[in-house]
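These protein sequence lines are chains D and H, in that order.
Numbering of the first sequence is given in my numbering, commencing with residue 67 and proceeding in unit increments.
Numbering of the second sequence is given in my numbering, commencing with residue 67 and proceeding in unit increments.
Even glycine gets a Cβ: it sits at the ideal position worked out from N, Cα and C.
Working notes for the structure below.
There are 2 protein chains.
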Amino acid sequence: MAGRPAAKPRKNGGAKALKQTKAESLSAASSGVAFDSADIARRSELLWEAPAKPTRGPKAALTRDDVVAAAIRVADAGDLAALTMHAVASELGFTPMALYRYFPNKEALVDAAVDAALGSPPARPGPHEGWRAEIRHWSYAKRAMLCARPWLAELPFVAAPHGPNWLSWHEAFLRTIAHTGLSPEDLMDVLSVVQGYVHGSSDTIISLARATSRGITPEQWAAAVGADLCRAINDPRYPMLSGILASSSGGITETSSLPTKHGKPRTMDECFDWGLERVMDGIALYMERK
Amino acid sequence: MAGRPAAKPRKNGGAKALKQTKAESLSAASSGVAFDSADIARRSELLWEAPAKPTRGPKAALTRDDVVAAAIRVADAGDLAALTMHAVASELGFTPMALYRYFPNKEALVDAAVDAALGSPPARPGPHEGWRAEIRHWSYAKRAMLCARPWLAELPFVAAPHGPNWLSWHEAFLRTIAHTGLSPEDLMDVLSVVQGYVHGSSDTIISLARATSRGITPEQWAAAVGADLCRAINDPRYPMLSGILASSSGGITETSSLPTKHGKPRTMDECFDWGLERVMDGIALYMERK
DNA sequence: TCTCAACAGTGTATGACGTAAACATAATCC
DNA sequence: GGATTATGTTTACGTCATACACTGTTGAGA
Numbered sequence: 067m068a069g070r071p072a073a074k075p076r077k078n079g080g081a082k083a084l085k086q087t088k089a090e091s092l093s094a095a096s097s098g099v100a101f102d103s104a105d106i107a108r109r110s111e112l113l114w115e116a117p118a119k120p121t122r123g124p125k126a127a128l129t130r131d132d133v134v135a136a137a138i139r140v141a142d143a144g145d146l147a148a149l150t151m152h153a154v155a156s157e158l159g160f161t162p163m164a165l166y167r168y169f170p171n172k173e174a175l176v177d178a179a180v181d182a183a184l185g186s187p188p189a190r191p192g193p194h195e196g197w198r199a200e201i202r203h204w205s206y207a208k209r210a211m212l213c214a215r216p217w218l219a220e221l222p223f224v225a226a227p228h229g230p231n232w233l234s235w236h237e238a239f240l241r242t243i244a245h246t247g248l249s250p251e252d253l254m255d256v257l258s259v260v261q262g263y264v265h266g267s268s269d270t271i272i273s274l275a276r277a278t279s280r281g282i283t284p285e286q287w288a289a290a291v292g293a294d295l296c297r298a299i300n301d302p303r304y305p306m307l308s309g310i311l312a313s314s315s316g317g318i319t320e321t322s323s324l325p326t327k328h329g330k331p332r333t334m335d336e337c338f339d340w341g342l343e344r345v346m347d348g349i350a351l352y353m354e355r356k
Numbered sequence: 067m068a069g070r071p072a073a074k075p076r077k078n079g080g081a082k083a084l085k086q087t088k089a090e091s092l093s094a095a096s097s098g099v100a101f102d103s104a105d106i107a108r109r110s111e112l113l114w115e116a117p118a119k120p121t122r123g124p125k126a127a128l129t130r131d132d133v134v135a136a137a138i139r140v141a142d143a144g145d146l147a148a149l150t151m152h153a154v155a156s157e158l159g160f161t162p163m164a165l166y167r168y169f170p171n172k173e174a175l176v177d178a179a180v181d182a183a184l185g186s187p188p189a190r191p192g193p194h195e196g197w198r199a200e201i202r203h204w205s206y207a208k209r210a211m212l213c214a215r216p217w218l219a220e221l222p223f224v225a226a227p228h229g230p231n232w233l234s235w236h237e238a239f240l241r242t243i244a245h246t247g248l249s250p251e252d253l254m255d256v257l258s259v260v261q262g263y264v265h266g267s268s269d270t271i272i273s274l275a276r277a278t279s280r281g282i283t284p285e286q287w288a289a290a291v292g293a294d295l296c297r298a299i300n301d302p303r304y305p306m307l308s309g310i311l312a313s314s315s316g317g318i319t320e321t322s323s324l325p326t327k328h329g330k331p332r333t334m335d336e337c338f339d340w341g342l343e344r345v346m347d348g349i350a351l352y353m354e355r356k
């Protein structure tokens, strides 16, 4: 029942009942991510159930939302690894153990912080600008959100429990293609392709965002990543890469998904757009054929 | 110079010189992943330089490759979090500190293990089956590789230094579209789209692979993830999702990217294929237009 | 052949981490 | 006003990466 105080229900007693080995349990906890299916059910429950309102006892100085907000502030300032119970607690002016009155363990806090950090999806651009414009709008927003909070991309999305905001982003995407006449199955397929592309191809820019948030200039970052790729040049094992990298304008200044076009480097956004247009072309073709 | 003994060169002295705070340095180390650009250069160097051959002193009982192989065995048996120095060392019958004679820190070991675990890309299918067949072949292989080693997907690929195998996969992809007459820039763009899609949309199946490798049946996994999504049904905030999920055959048995088609559930592979065909359609259209 | 610097692996210690358990304290109910 | 129940702290434990000091081994140069 949801009326039970959520802050202290058996904690990982449930996990222990599943006969996890100690090592598994600990390692999952330390990484902040667990992949046990029973675990996911329990984690999901925690994401959705409202905290119980106790009548007796001292008043809580915080709310779950306070803790989540502090966690997000900590992660924003550093990265996922900086998000420790100690850091969150001292951000709030409490001892680490105080947080365990609000979340049974770190994992639950991270789950909640992740969903909160996803934020709300963007409002639809215009009333009916066409599905391509709407998909573009959604994709840019998602990409921008991930760049703003690179630590979100350190977590595998699907493995995590799906909170309200996670569902909202999906819902918002489905609305972009709601009037195309596609079947429910096709709608989900389109969602899968586009989201797959957006997540998968944002790796580079997220990596850059992470670096710049640590005070590294884009130039430094590009130099470091580029220098890495340069090893391929003149290596007989990589003739294609060698050719392409060599044909770029002199020195390599950007990573693989960022080649230069006849001396004028393209931005990462341009490369992203190009791919997104190809994906939407493929979807459009499918619609025509139906 | 590469002739220096690689096992003990200043260790994180380099990192300290960068004036990282202690917290940053430690958190990066504990997560096994660092995103500092100067770090990447140093890490990349370690991936490529051959270990120095000392003349004096006792013979080393191990090689870097031994350690890397043990690390991969440990990660395969568990996950990325299970990959601890202690676990790798005891897998080899040594103490944790022994590993530091081969790698300056855990991060370097993980980098090496990741690249080794990527393995070699697949051989080309036939002599000239067409670029679509070749891209399909490459994509399936990449997806299969990630499913076989789900822990690889716990790391952001682009942020890691690029080792020999990483470059080989890129090289192999470029070979699949080498004869299409595309410009070098277009080649890289196509690589970026397809790879983005493959990585991004493999999340679900990788999550399943991870679960099954822990003894969870696909049914259990699907039930847990599906139950999660079911919260959207009848929630007024998610009308589209509600409609789609409700229109599926009775109970939700699979996750968002796995809807059921008129009562007959599709496999994840079928959904993956569908998206890949759309992506390739888009690329084909681009080729035609040129 | 002997010597010793260079190296390999170990033992021990440190500080950060997540979190269990016991506690003091505060708010409510009877 | 005591009993009850919840809150936040204190203390403690086990695990982690890893610094440092140590023992023991090897082969190059004397």
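Where L84 (chain H) and I282 (chain D) are concerned, what is the direct C-alpha to C-alpha distance, given to the nearest angstrom?
Because L84 (chain H) sits at a pLDDT of 24, beneath the cut-off of 50, its placement in the model cannot be relied upon, and the following sentence gives the value as read from the coordinates. Rounded to the nearest angstrom, the two C-alpha atoms are 12 Å apart.
Proximity to T242 (chain H) [Cα-Cα], best of H:R190, H:V260 and H:V259:
H:R190
Of the choices D:M334, D:Y352, D:A298 and D:R297, whose alpha-carbon is the least far from that of L274 (chain D)?
D:M334
Whole-angstrom Cβ separation of R215 (chain D) and W114 (chain H), contact assumed at under 8 Å?
So it is not a contact: roughly 32 Å between Cβ atoms.
Could you check the C-alpha separation between M306 (chain H) and A244 (chain D) for me, to the nearest Å?
8 Å
When you compare each of H:L311, H:R198, H:A137 and H:R202 to F55 (chain H) by their alpha carbons, which one comes out closest?
Because chain H in this structure spans residues 67 to 356, residue 55 (chain H) falls outside the shown range and cannot be described.
Determine the direct distance from the alpha carbon of G196 (chain D) to that of D177 (chain H), and round the result to whole angstroms.
45 Å
If the criterion is Cβ atoms closer than 8 Å, does the pair V133 (chain H) and L175 (chain H) meet it?
yes
Answer with yes or no whether the minimum CB distance from Y168 (chain H) to chain D is below 8 Å.
no
Would you check if there are 3 or more beta carbon pairs closer than 8 Å linking the region 255 to 270 of chain H to the region 334 to 352 of chain H?
yes
To which residues of the same chain is W287 (chain H) closer than 6 Å at the C-beta, ignoring the five residues directly before and after it?
L274 and A277
Taking only beta carbons into account, state which residues of the region 330 to 354 of chain D come closer than 8 Å to chain H, listed in chain order.
R332, C337, W340, G341, E343, R344, V345, M346, D347, G348, I349, L351 and Y352
Would the region 197 to 212 of chain D count as touching the region 147 to 155 of chain D if we require 3 or more Cβ pairs under 8 Å?
no
Using CA coordinates, which residue listed in H:D252, H:V180, H:A210 and H:R344 is at the minimum distance from E220 (chain H)?
H:V180
If I342 (chain D) sits next to S205 (chain D), beta carbons under 8 Å apart, how far is it from one beta carbon to the other, in whole angstroms?
According to the sequence shown, residue 342 (chain D) is Leu rather than Ile. With 8 Å as the limit, L342 (chain D) and S205 (chain D) qualify as a contact, their Cβ atoms being about 6 Å apart.
Buried or exposed, going by whether 16 or more other CB atoms sit within 10 Å of the CB of H194 (chain H)?
exposed
Neighbour-count burial assignment, S186 (chain D), 16 or more Cβ in a 10 Å radius:
exposed
Would you say S404 (chain D) faces chain H, with C-beta separation under 8 Å as the test?
This structure cannot settle anything about residue 404 (chain D), because the visible part of chain D is limited to 67 through 356.
Expressed to the nearest angstrom, what Euclidean distance is found between the alpha-carbon atoms of G192 (chain H) and Y304 (chain D)?
20 Å
Which of helix, strand or coil does DSSP assign to G144 (chain H)?
coil
Within the 8 Å Cβ cut-off, does K88 (chain H) reach chain D?
Residue confidence is low: K88 (chain H) scores 33 on pLDDT, short of 50, so the model does not pin down where it sits. Its coordinate-derived value is still stated next. By this cut-off, K88 (chain H) is not an interface position.
Can you give me the Cβ contacts of W235 (chain H) inside the same chain, cut-off strictly under 6 Å, excluding the 5 residues immediately before and after it?
P187
Kindly list, in the order they appear in chain D, the residues whose Cβ is closer than 7 Å to that of I106 (chain H).
A290, V291 and D294
Same chain, Cβ closer than 8 Å to A135 (chain H), neighbours up to 5 away in sequence not counted:
A182
Of all Cβ atoms in chain D, is any one closer than 8 Å to the Cβ of R130 (chain H)?
no
Would you call R130 (chain H) buried or exposed, if buried means 16 or more other Cβ atoms sit within 10 Å of its Cβ?
buried
Which term fits A116 (chain H), buried or exposed, when burial requires 16 or more other beta carbons within 10 angstroms of its beta carbon?
exposed
With 8 Å as the threshold, decide whether the Cβ of Y263 (chain H) is near any Cβ in chain D.
yes
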